[in-house]
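J.:
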Amino acid sequence: ISDQKPLGCWSVKHGQILTCPVVCNFETHEYIGVHDDKVLRIWKNEDLNLDKAFKATLSAEVYRIHSLPQGGALVLFRGGGVRTLDVLLEAPQQEIESLLSAEAIRWSGAFMEGQEPVLIFTTEKNKDFFVYVQKPKLNSLHKYKLEQQKPARPLCFTAHITNQTVTLLCLYSNNSVYQVLIPLQQDTEEEEEKEEEILSKSLLLKLSVSGAALKGTSLVVLDKDHVAVLGSLPDPGKKPKECLTIWNTKFQTLQTSKELPLGTSGQLWCYEEKFFLIHGKVLTVIMYKCETSSLAAAVGKLKDSQTLDVSSFVNWNTLEDEELLVSFQSQESVALKAESRMNLRSNRSTGQSGTLSVGQLLLRLKDASNYVLETELKKLMAKAPTPDLQATIGCVVTALTDRCKRNPKFYPQNLLQEIVETRDLSYSLCPDLMAVALEQKDLQLLQICLERFPDIPEEITYACLKAFLSISEDHLKSVDVNLDSAICYVDIECNDMEVKTEILENGFSEEMDQDMCDTKIPKENQRDGESCPVGLQKAALLNAVLHSAYTETFLLPHLKNLPAQQAILFLRYLYYLYVKCSEKVNTTLPGIRSPTINQIMDWMCLLLDAQFTVMVMLPEAKDLLSNLHKFVRAQVRFYSELNKIEGSLRELQRLNHLRESQTYSIEVLEII
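The numbers in UniProt numbering rise by one with no breaks, and the one at position 67 of the sequence shown is 67.
1) State the start and end residues of the unbroken beta strand (DSSP E) segment that holds Gln440.
2) Can you tell me the Cα-Cα spacing of Glu273 and Thr162, whole angstroms?
3) Decide if Lys5 is buried, meaning its Cβ has at least 16 other Cβ atoms within 10 Å, or exposed.
4) Considering only DSSP beta bridges, list what Ala228 is partnered with.
5) Within the same chain, show all residues whose beta-carbon is closer than 7 angstroms to that of Asp36, passing over the 5 residues directly before and after it, in chain order.
6) With which residues is Asp128 paired in a DSSP beta bridge?
7) Work out the CA separation of Phe121 and Lys150 for me, nearest whole Å.
8) By DSSP, does Val12 sit in helix, in strand, or in coil?
9) If we count Cβ pairs, one from each stretch, closer than 8 angstroms, do we get three or more for the segment 478–492 versus the segment 553–569?
10) Within the same chain, show all residues whose beta-carbon is closer than 6 angstroms to that of Phe275, passing over the 5 residues directly before and after it, in chain order.
11) Tell me which same chain residues have a C-beta within less than 8 angstroms of the C-beta of Leu569, skipping the five on either side of it?
12) I think Lys38 touches Leu58, with their Cβ atoms under 8 angstroms apart; what is that distance to the nearest whole Å?
13) Would you kindly work out how many angstroms separate the C-alpha atoms of Arg153 and Phe130, rounded to a whole number?
14) Less than 8 angstroms between the beta carbons of Thr165 and Leu141, yes or no?
15) Might you give, ordered along the chain, the residues of its own chain that have their beta carbon closer than 7 angstroms to the beta carbon of Cys24, omitting 5 neighbours on each side?
16) Rounded to the nearest angstrom, what separates Thr84 and His160 at their Cα positions?
17) For the alpha helix (DSSP H) that Phe468 lies in, which residues bound it at each end?
18) Measuring only from the beta carbon, is Ile17 closer than 7 angstroms to any heavy atom that is part of the ligand ATP?
19) When you compare only the Cα positions, how much space is there between Ser101 and Thr123?
20) Check for me: the beta strand (DSSP E) holding Thr158 runs from which residue to which?
21) Going by beta carbon distance, what residues of the same chain come within less than 6 angstroms of Gln134, once the five residues before and after it are set aside?
22) Going by the beta-carbon positions, is the gap between Leu138 and Ala110 smaller than 8 angstroms?
23) Would DSSP call Val481 helix, strand or coil?
24) Please classify Val636 as buried or exposed, where buried requires at least 16 neighbouring CB atoms within 10 angstroms.
25) Between the segment 645–653 and the segment 578–597, are three or more C-beta pairs nearer than 8 angstroms?
26) Go to Arg593, then tell me how far its beta strand (DSSP E) extends in each direction, as first and last residue.
27) Check this for me: beta carbons of Gln566 and Lys466, under 8 angstroms apart or not?
28) Across which residues does DSSP place Asn25 in a beta bridge pair?
29) What residues in its chain sit with their C-beta under 6 angstroms from that of Ser108, if we drop five residues either side in the sequence?
30) Look at the Cβ atom of Gln179, then the Cβ atom of Leu146, and state whether they are nearer than 8 angstroms.
31) Could you work out which residue in Ile182, Leu433, Leu233, Asp225 is closest to Phe251 when comparing CA atoms only?
32) Classify Leu214 as buried or exposed, calling it buried when 16 or more other Cβ atoms lie within 10 Å of its own Cβ.
33) Nearest-angstrom Cα distance between Gln653 and Ser640?
34) Report the three-state DSSP secondary structure of Glu524 (helix, strand or coil).
35) In this structure, does DSSP put Leu283 in helix, strand or coil?
36) Which one of Val632, Asn627, Leu483 has the shortest CA to CA distance from Met601?
See below:
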C-alpha cells in the first residue's frame, strides 16, 4: 500500500466465480480462497496461474474463511459447521454437519482466547437474530437468541473478546449502537440440554452529529473505548453526505468526524491502527492513534493530539490522481498535501511537530532561483538523518517536478541527480520524477532511478526500455551514463572479436553445436552471439532495466506493445548476454551491477511470451530464434550428459576417501 504498487494478480477461469473473500494464512504465507462455493484453492506469491494451484473440492458450501495469527485458518460453512483448515485438508470430502434450520449467516468473526481460536457468527430467521459461539478445537458450540428491538433491526456486527467475555456490538437501523455481553462458557451436560438463552442488550451509543442522525453502514472496534462508524448524514434538498466518525464509547461522545465527498462503498476495514476504505475510485488509508480514554480527551481538550491524518493513495491504474489527496485538516496548498503524504509514509503520529516547517520550505522553493534552490537543499541534505528527513526530501523532489511540469524550461538536472544518488528515495515518494525525466530525455537520471528505486511501476519500466531502445547510438555517444555494469564484457568496437580458445566451458562450442544440429549454421550467423548488437552506453542503460523489479502479470501487457524491431534488438542483446554468461563456469558476468543469469533468462522468456507471434512472422528474427534454440539445446544435452556420469563421479569421490594416503597404486576406472 505504501509504495502504491500492485504485487500480484490472479483470476479464475471464465464462468467461475469467487464466492468467498481471499485471506492470507499467517502460518504458511499462503492465500486461501473459494470459488463456486465448494472449490478450495491455496496458492503462494510465486504461483502465476491460479488454475494450477492446489485444489480441493469440498462436500458443503463455504461462507467465510478466517485466518488468525496464532490460530491457523478456520473455515465456516453456510450450514454453520466449522473446521480448521488442517482438519479439512486431511479429508476434503468429509461430511459437514448442518446446524442451521432455514437460518442465513449475516456476519462472522474469529478471535483468539488464550491459545484457543473462537469463532462467532450471527444468523437471521424470520426477522429473529441468533448468535453462535464455537471453539472448533474443543468441539464446543453455544447458541443464543438476540433480544428484539422492534421496529429497528441490526445492520452490522463486530466483536472483541476480553477476560473470557465476548463483547458483541450491533449497529441498528434506529441509528444506535447496542452492546451485548456473552460469557465464554465451559461445556457441561446441563448446559447442552438447556434451551437457547436470550441475550439482553444495552444502549452504547446514540449516533447523532450536530443534531442530525447518522445512518451507519459499517462499524469497527478500535480499542476498548473507541469505535469507528461509517455512514451518511442527511442534507436537506441534496444527496446525503457520507462521513467517517470516531466515537468514545466510555463517555458516549463523538471524538472526531470527516466528510467523504467522493462517496464510499459503505465498507470499512481496520488493521494495525489503519483504516481502509474505498473513497471514490481510490483506496484510502487513514492512520489513527487512540490515546488513553479520559474525560479531557472526550470533550475535546486534547483535540490536537487526537486529530487524524488521511491520505488517499494514487490510483493503481493511473499516475495522475493527486487531486484526490484528502486530509482531515483541510489542507489547501500543494505543499501541505505533500506533507500529508510525508506524514503517512514516515508513520508519524499527528501530535508531533515539524510538519509546518516542511510546508514553509516547499512554499519558499516554489518559485526560487536555481541558486536559492541549491543553497536550501544543501542545507536540508546536510542535516543529521531523522526518521522523516527522507520523506521531507521526497516532498521537495515532488515540488520540483511540479514546477518542471508548469515550466518546461526549468529543469535542475544536476540537482535532481545529486538528490537521487545521495538519498534512498523510492518511486512513491516522488512519483512524477521519472515521467519528467522521460520528457526531458534525461537518460542518466533514469538509469540512476532504475538502479535505486525498488517500487517502479511496470508502465514506467516499459517506457524507459522503449526510450533506451529507440535512441540512436550516435546520440548516446555524447551522453554521460554509468558504464560500470557493461564495460567489462561488452566489446567497444563491434568488429573486435574475441579469439575462440580450445577450452570448452559449460559444454558449448561451435563444433559441438553443429554436430548436434541437422543443418549447418551460415558463417555470418555463427557470430551473432559473439558481438554485442548495441553500443556500450545503450548496454549500460538496458542493464539498468534488467535490474528493475517487476511483476510479470503487469509487465507482460506493456511488452506486447513494444515495436517489432526494438523487440528483436532487445532479444539479440539478451541472447548476447546469455552466451557471455554461459562462457564462464560460474555463469557470472564481470563488472559492477552486471545482469545475473536469472535476470537474463527471466527477461528473455518474458519477451518471447509477449512477442512470440511477431518473432515467428518476421524473417529477420528467424536466424536469431534458430540460433537461440540450438544454443539452449546444446546446453540441455551437455547437462544431461553430466547427469549420466554423476553416479560414477560420486563413486570415485567415495573411493578417494577410502584409499589410504600412504599406499601408492594405479587404478583404472571404467565409466559405462
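Don't be surprised by glycine CBs; every beta carbon is placed ideally from N, CA and C. Nothing here was measured: the structure is a model prediction, and the numbers come from that model.
T.: According to the data block:
1) In the sequence shown, counting from the first residue as 1, residue 440 sits at position 440. That residue, Gln440, is in no beta strand (DSSP E); its alpha helix (DSSP H) goes 433–440.
2) Residue 273 sits at position 273 when you count from the first residue of the sequence shown. Residue 162 sits at position 162 when you count from the first residue of the sequence shown. Between Glu273 and Thr162, the C-alpha separation is close to 19 angstroms.
3) The sequence position of residue 5 within the sequence shown is 5, counting from 1. The residue in question, Lys5, is buried, as its Cβ has 16 or more Cβ neighbours within 10 Å.
4) Within the sequence shown, residue 228 is the residue found at index 228, counting from 1. According to DSSP, Ala228 bridges with Val220, Ile246.
5) Numbered from its first residue, the sequence shown carries residue 36 at position 36. So the list reads Gln16, Ile17, Thr19, once near-sequence residues are dropped.
6) Sequence index remark: in the sequence shown, residue 128 carries index 128 (1-based). DSSP, once it has assigned bridges, lists Lys125 as partnering Asp128.
7) Walking along the sequence shown from the start, residue 150 turns up at place 150. Walking along the sequence shown from the start, residue 121 turns up at place 121. Rounded to the nearest angstrom, the two C-alpha atoms are 22 angstroms apart.
8) For the purposes of this step, residue 12 is taken as residue 12 along the sequence shown, with counting starting at 1. Here Val12 sits in coil by DSSP.
9) no
10) As a first step, residue 275 is located in the sequence shown; it is residue number 275 there, counting from the start. Around Phe275: Ile286.
11) In the sequence shown, counting from the first residue as 1, residue 569 sits at position 569. Here the set comprises Leu469, Pro533, Val534.
12) Numbered from 1 along the sequence shown, position 38 holds the residue referred to as residue 38. Numbered from 1 along the sequence shown, position 58 holds the residue referred to as residue 58. Correct: roughly 5 angstroms between the Cβ atoms.
13) Start at 1 with the first residue of the sequence shown, and residue 153 comes out as number 153. Start at 1 with the first residue of the sequence shown, and residue 130 comes out as number 130. Spanning the two alpha carbons is a distance of roughly 12 angstroms.
14) Walking along the sequence shown from the start, residue 165 turns up at place 165. Walking along the sequence shown from the start, residue 141 turns up at place 141. Cβ distance not < 8 angstroms, so Thr165 and Leu141 don't count as in contact.
15) Sequence index remark: in the sequence shown, residue 24 carries index 24 (1-based). Cβ within range, chain order: Tyr31, Ser67.
16) Here residue 84 corresponds to residue number 84 of the sequence shown, with the count starting at 1. Here residue 160 corresponds to residue number 160 of the sequence shown, with the count starting at 1. For Thr84 and His160, the distance between alpha carbons rounds to 20 angstroms.
17) Within the sequence shown, numbered from 1, the residue matching residue 468 stands at position 468. Counting along the chain, the alpha helix (DSSP H) containing Phe468 begins and ends at 458–470.
18) Absence of the ligand ATP is noted for the structure shown, with no ligands found whatsoever.
19) If you number the sequence shown from 1, residue 101 lands on position 101. If you number the sequence shown from 1, residue 123 lands on position 123. If you take the alpha carbons of Ser101 and Thr123, they lie about 10 angstroms apart.
20) Position 158 of the sequence shown, counted from the start, is the residue given in the question as residue 158. Looking at the DSSP string, the run of the beta strand (DSSP E) that includes Thr158 is 154–162.
21) Taking the first residue of the sequence shown as position 1, residue 134 is located at position 134. Once the five neighbours on either side are set aside, the close Cβ partners of Gln134 are Val82, Leu119, Leu141.
22) In the sequence shown, counting from the first residue as 1, residue 138 sits at position 138. In the sequence shown, counting from the first residue as 1, residue 110 sits at position 110. No; because the gap between Cβ atoms is not below 8 angstroms, this pair is not in contact.
23) The residue given as residue 481 occupies position 481 in the sequence shown. Three-state DSSP puts Val481 in coil, outside helix and strand.
24) Reading the sequence shown from its first residue, position 636 is the one you call residue 636. The residue in question, Val636, is exposed, as its Cβ has fewer than 16 Cβ neighbours within 10 Å.
25) no
26) As a working mapping, residue 593 is identified with position 593 in the sequence shown. That residue, Arg593, is in no beta strand (DSSP E); it is neither H nor E in DSSP.
27) Position 566 of the sequence shown holds residue 566. Position 466 of the sequence shown holds residue 466. Their beta carbons are under 8 angstroms apart, which means Gln566 touches Lys466 by this criterion.
28) Numbered from its first residue, the sequence shown carries residue 25 at position 25. The partner list for Asn25 (beta bridge, DSSP) reads Glu30.
29) The residue labelled residue 108 in the question sits at position 108 within the sequence shown. So the list reads Arg64, Leu76, Phe121, once near-sequence residues are dropped.
30) Taking the sequence shown and counting its residues from 1, one reaches residue 179 at position 179. Taking the sequence shown and counting its residues from 1, one reaches residue 146 at position 146. Not in contact: Gln179 and Leu146 (Cβ atoms no closer than 8 angstroms).
31) In the sequence shown, residue 251 corresponds to position 251, counting from 1. In this structure, Asp225 is the residue among Ile182, Leu433, Leu233, Asp225 with its C-alpha nearest to the C-alpha of Phe251.
32) Start at 1 with the first residue of the sequence shown, and residue 214 comes out as number 214. The Cβ neighbour count for Leu214, taken over all protein chains shown within 10 Å, is at least 16; the residue is labelled buried.
33) Along the sequence shown, read from residue 1 onward, the residue named residue 653 stands at position 653. Along the sequence shown, read from residue 1 onward, the residue named residue 640 stands at position 640. Taking C-alpha positions only, Gln653 is separated from Ser640 by approximately 20 angstroms.
34) Here residue 524 is taken as the residue at index 524 of the sequence shown, counted from 1. Model confidence at Glu524 stands at a pLDDT of 38, short of 50, so the residue's coordinates are unreliable; what they give is reported in the following sentence. Coil.
35) Start at 1 with the first residue of the sequence shown, and residue 283 comes out as number 283. Strand.
36) For the purposes of this step, residue 601 is taken as residue 601 along the sequence shown, with counting starting at 1. Nearest C-alpha to Met601: Val632.
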